[in-house]
Amino acid sequence: MRKKIMNSLVYQIWPRSFQDSNHDGIGDINGIRSRLDYLASLGVDMIWLSPVFTSPDVDFGYDISDYRDINPVLGTMEDFDLLIQEAKDRGIGIMMDLVANHTSDQHEWFKKAMEDKKSPYRDYYLFRKGKNGKEPNNWLGLFGGSAWRKVEGDEYVLTLWAPQQIDLNWRNPKVRHEIYEIMHFWLKKGIKGFRMDVINAIGKHPDFPDKNPGKKGYQFADDLIVSRPEVDDYLKEMHEEVLSKYDGLYLGEGMLMTKEAAKRFCGETTNELDLMFQFELALIDCGPLGKFDFRKLYRWSIPEFKKIYIDWQLDAQKNHYWIANYLSNHDQQRAVSHYGDDKKYHKESAKALITSILFARGTPFLYQGEEIGMTDLAFEREEWQDFEAKNIYGQLQSMMHVPAFLAEKIVKRKTRDNARTPVQWSDNAYAGFSTVKPWIKLNPNYQKINVEAQEKDPNSILNFTRRANLLRKSKDLFTFGIFEPILQDHREILGFIRKDDNEAYLVLINLTNKPSTLELKEEWCGETILQNVYNPQPLVKKMVFMPFEARVVKLSQRI
Ligand code: BGC
């Protein structure tokens, strides 16, 4: 395993909302350059940059119209080259977002495919004839509605996400080689890896059969589109032709990631990817259809959280694959609002959650603003910017017969806009993000929650994150060492040991907003070396942990 790169702290930037430099209210690449010292001070080793390629921005960059150029809204290629260099000067690598399952409908390939039915580009996409005056099959699109877009006559093209995001035909070797060439182009420029968007959906069932034939309505085609065997063939080929030639971090993102699929895609000896994201924690409060499936009423429990967390840790360890540990990203609610208490215990819970990310086995990921505990914002319906939110609002009503008031409530809670409010740098006008009104609503709590204020407070979430990451980085065992859960039946406290051949540490996190009683074995007591709240009591056999208290404890002997 390439230890150094796997030990990175990865920080995700969603460029539109990170920092504006040219006074148009939209974040940009030069804005990121101006904050590199800040990122270095946080101990960031790698930036995962959500897409900056040319795009009509229907899905804010996840619909690419030119893979070899920069979105003019975000900057120029010169800006980007400077970003790579200046980040490198600070020991930071840039990881780009490879959106290779689909292109924008504005991409040259799609335009040519549409202009001429005989064009070789026609086979770059998945055009199919309709059936009985309807779509070719009953697959549901991931943003709601049919997965097919009508192009002309009775001809359709597959668009699993927005109708403007057209799925590529990975069965066509030309498509695969185009993508590999694009990857070489950026890696040669000096980027240090890729996060691969919905990479487990690149292989679709070749016959495009109906899902649940005979059932009414569009059906979620899970096994027909996700983690199919051909994905391994494509990733092995990509590894051989591209990834194996550069030293980088190659991360997969995919729907419905199971442990078995993670082992297939990023097992130590599989020669595909380095690591995967899993979504079980992100979807802990949702029904089987995903984020907007409210049938679980968005309820979840600490034992469920612990179980998902521990099961993934143990499975990855036992089966020798590597995972990315995260709680937030540009598609999910803010972690402190989702799993913590963003009011009474804002500071405590934000720190507790960051501890759970940094001390798990695997590579840790933080999302912009998480290091200061940025929170969700209750957007009004007319303020939604996210395509998914707007679309799902209609779909919940028309397909699932949800009344409008409830659909609005559900979308408000889960819209990706929550994660996309501008980073709160200071209490100046527009939070120091821009000098003009930002493109998306700013969270008014920026006057209290901001980087500048937290820089001055030694006990802030920001300074805690720095200390915690320094501690993590001081010992390889926190990233690579053995993970051993303890107190598995405790209903409030997550506890585990991290150890190597010489030393052992204990991590304890009260995940609730109540004091919690702990009973520990003698051998688990030791010296507390990191703590997120003031509790003067040393770690003893029987004690009370404060709400959201988290500690890292050095054990006196290896156990
Ligand atoms: C990305 C989303 C995007 C979707 C389609 C996801 O996994 O994270 O932001 O909308 O892929 O590209």
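In our numbering, each residue's number is its place in the sequence shown (first place is 1) plus 36.
Beta carbons: idealized from backbone N, C-alpha and C, even for Gly.
Bear in mind that the values here come from a model prediction, so they are computed numbers and not experimental data.
Contact under 7 Å by Cβ, residue i with residue j
| i | j | result |
| --- | --- | --- |
| residue 486 | residue 463 | yes |
| residue 229 | residue 290 | no |
| residue 532 | residue 514 | no |
| residue 406 | residue 498 | no |
| residue 398 | residue 359 | yes |
| residue 165 | residue 203 | no |
| residue 56 | residue 67 | yes |
| residue 11 | residue 255 | Past the boundaries of the shown model lies residue 11; the chain is included only from 37 to 595, so the question cannot be answered. |
| residue 371 | residue 389 | yes |
| residue 286 | residue 309 | yes |
| residue 48 | residue 375 | no |
| residue 475 | residue 62 | yes |
| residue 401 | residue 362 | yes |
| residue 137 | residue 238 | yes |
| residue 159 | residue 86 | no |
| residue 46 | residue 98 | no |
| residue 530 | residue 342 | yes |
| residue 419 | residue 569 | no |
| residue 110 | residue 88 | yes |
| residue 560 | residue 547 | no |
| residue 336 | residue 347 | no |
| residue 596 | residue 227 | It is not possible to answer for residue 596, since the shown part of the chain is limited to 37 through 595. |
| residue 339 | residue 527 | yes |
| residue 409 | residue 437 | no |
| residue 508 | residue 394 | yes |
Contact test: residue i Cβ vs ligand 1 heavy atom, cutoff 6 Å
| i | result |
| --- | --- |
| residue 197 | yes |
| residue 289 | yes |
| residue 94 | no |
| residue 234 | yes |
| residue 493 | no |
| residue 98 | yes |
| residue 367 | yes |
Contacts around residue i, its chain only, beta-carbon distance under 7 Å, and the 5 residues preceding and following it disregarded
| i | result |
| --- | --- |
| residue 220 | 278 |
| residue 171 | 182, 184, 192 |
| residue 319 | 326, 327 |
| residue 424 | 179, 452 |
| residue 594 | 535, 538, 539, 540 |
| residue 267 | 236, 238, 239 |
| residue 448 | 414, 415 |
| residue 329 | 322, 323 |
| residue 95 | 197, 198, 201, 423 |
| residue 157 | 145, 148, 149 |
| residue 477 | 413, 415, 419, 457 |
| residue 59 | 470, 471, 472 |
6 Å Cβ shell around residue i - same chain, five flanking residues per side excluded
| i | result |
| --- | --- |
| residue 185 | 193, 195, 199 |
| residue 587 | 544, 564, 567 |
| residue 482 | 460, 467 |
| residue 116 | 65, 106 |
| residue 102 | 90 |
| residue 261 | 237, 240 |
| residue 378 | 372, 411 |
Spatial neighbours of residue i in its chain, beta-carbon cut-off 8 Å, leaving aside the 5 residues before and after
| i | result |
| --- | --- |
| residue 128 | 72, 75, 76, 80, 81, 82, 83 |
| residue 369 | 412, 449, 450, 454, 455 |
| residue 551 | 580, 581, 582, 583 |
| residue 252 | none |
| residue 391 | 504, 543, 545, 566, 568, 586, 588 |
| residue 307 | 272, 275, 276, 280 |
Chain B contact for residue i (CB, 7 Å cutoff)
| i | result |
| --- | --- |
| residue 359 | Although the question refers to chain B, the structure presented lacks it and comprises just one protein chain. |
Quiz item: Enumerated in chain order, which unbroken segments of the beta strand (DSSP E) with a length of 3 residues or greater are wholly contained in the region 54-139?
Solution: 82-85, 102-106, 129-134
Practice problem: List in chain order: all unbroken alpha helix (DSSP H) runs of 4+ residues lying wholly within the region 537-561. | Solution: none
Exercise. Let me know the beta strand (DSSP E) ranges lying completely inside the region 221-294, each 3 residues or longer, listed in chain order.
Key: 229-232, 285-288
Practice problem: Could you name each continuous beta strand (DSSP E) segment of 3 residues or more that falls completely within the region 381-418, going from the start of the chain to the end? | Solution: Listed in chain order, they are 399-403.
Quiz item: Could you give the uninterrupted runs of the beta strand (DSSP E) lying entirely in the region 449-529, keeping only those of 3 residues or more?
Solution: 518-522
Self-check item: alpha helix (DSSP H) segments (min. 4 residues) lying fully within the region 327-361
Solution: 338-354
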